[in-house]
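Below is one structure; the comments refer to it alone.
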Amino acid sequence: MIMTDLSLQQKRERTTKIISNILNLNVIPKVVFELMKILDNPNTTANELNKIISKDQALVTKILSVANSPLYGLQRKVATIDFAILVLGFKELKSIISVISISDALKNKTDKYLNQKEFMLHSYMVGAASKKIAKDMGFQNSGEAFIAGFLHDIGISIVHRYLHSNFAMIFDLMETQKMTFRDAEIEVNGMTHEEIGSFLLEKWNFPAEICDAVLNHHNPGKAQISPAMASIVSVSDYMTQSLKVGELKIDKDNHLDDYTLSKFNFEKELDAEKFAAKYKDLFWEQLEFVRFLN
């Protein structure tokens, strides 16, 4: 039963307290924090980076899998970390390592509420589309758009793993009260998955642009730092539903806000569906490479 005697603020405080405890867990491997630190250091050499990455062979395998995916479309096969560093550069490696570490850390068993493979497929598809759209729009760092897209629903994964009974309550409300996922999660947790995800990413020292995009990917017009990136993620998220590739059932009530429609020169959501059709091949090309996330 949901504690109906709690106010919205009390529910928010309770949820915030629970997810704050996640910060005290060894959720992200130490090697990843070490990598993030040296990737931000302009004096770091490729040799130093290679030595640290090579400490974790599972990470090496996944980095090479991503580097050889259609996401980058490289002409030559990337067989070593040395070559990956050379052809991708530090910024792109940081993007890859970020999403790999977070996805590994928050994996949970599939149940009737959330299919893990479907969730990871959705995350990867939104990330890949965000990267491509950002590049097409002239963004200098499309890698950040990939991170924001991949992690846009991280709050869902966090609630499913660490507040599982609440997750079950949310689905019960959706079924019995015909609530939308968003309304149900506010009723149960006092906050949305966007707020939860952004909160933790900020505590994990992700860039403010990414945290802002995650927080506002359903309402880019409210973004304070990166409304353009938030709108790219919003469109990419919408495209999974339109193209029926990597979509999530809980996203069925998603709509594009006025800011996003204006940013992409859409008069209505039907224009967004026509826009999505141009990226259909991209989505299908990515499908066979998502296995590295599972």
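For the sequence shown, numbering that gives the first Met the number 0 assigns the number 0 to the initial residue and increments by one for each residue that follows. Positions of the beta carbon are idealized from the N, C-alpha and C atoms, including for glycine. Here the structure is a predicted model, which is why all the values come from computation and not from measurement.
Contact set for residue i: own chain, Cβ-Cβ below 8 Å, skip 5 residues either direction
{"i": "Ser197", "result": "Gly154, Cys210, Asp211, Val213 and Leu214"}
{"i": "Asp252", "result": "Thr179, Phe180 and Arg181"}
{"i": "Ile62", "result": "Ile52, Ile80, Ala83, Leu92, Ile95, Ile96 and Ile99"}
{"i": "Lys54", "result": "Val30"}
Three-way DSSP call (helix, strand, coil) for residue i in this model
{"i": "Arg181", "result": "helix"}
{"i": "Arg11", "result": "helix"}
{"i": "His254", "result": "coil"}
{"i": "Arg75", "result": "coil"}
{"i": "Ser68", "result": "coil"}
{"i": "Glu47", "result": "helix"}
{"i": "Met173", "result": "helix"}
{"i": "Asp135", "result": "helix"}
{"i": "Val98", "result": "helix"}
{"i": "Tyr161", "result": "helix"}
{"i": "Ala127", "result": "helix"}
{"i": "Thr60", "result": "helix"}
{"i": "Lys36", "result": "helix"}
Same chain, Cβ closer than 7 Å to residue i, neighbours up to 5 away in sequence not counted
{"i": "Ile18", "result": "Ile157, Tyr161, Ile195, Phe198 and Leu199"}
{"i": "Glu201", "result": "Cys210"}
{"i": "Met0", "result": "Residue confidence for Met0 is low, a pLDDT of 45 falling below 50, so the modelled location carries little weight; the figure read from the coordinates is stated next. There are no such residues."}
{"i": "Asn140", "result": "Lys90"}
{"i": "Met173", "result": "Phe180 and Ala183"}
{"i": "Lys106", "result": "Gln115"}
Under 9 Å between C-beta atoms of residue i and residue j
{"i": "Phe282", "j": "Ala271", "result": "no"}
{"i": "Gln8", "j": "Gly220", "result": "no"}
{"i": "Ser230", "j": "Thr259", "result": "yes"}
{"i": "Val77", "j": "Leu70", "result": "no"}
{"i": "Leu242", "j": "Lys279", "result": "yes"}
Residues of its chain near residue i, where Cβ-Cβ distance is below 6 Å and the 5 sequence neighbours each way are ignored
{"i": "Leu247", "result": "His121"}
{"i": "Met35", "result": "none"}
Taking contact to mean 3 or more Cβ pairs, one atom from each stretch, closer than 8 Å, check whether the stretch 112 to 122 and the stretch 142 to 153 are in contact. A contact is defined here as three or more CB-CB pairs under 8 Å, and the stretch 112 to 122 meets this definition with respect to the stretch 142 to 153.
Any contact between the stretch 125 to 135 and the stretch 232 to 241? By contact I mean 3 or more CB pairs, one from each, below 8 Å. A contact between stretches requires three or more CB pairs, one per stretch, nearer than 8 Å, and the stretch 125 to 135 meets this requirement with the stretch 232 to 241.
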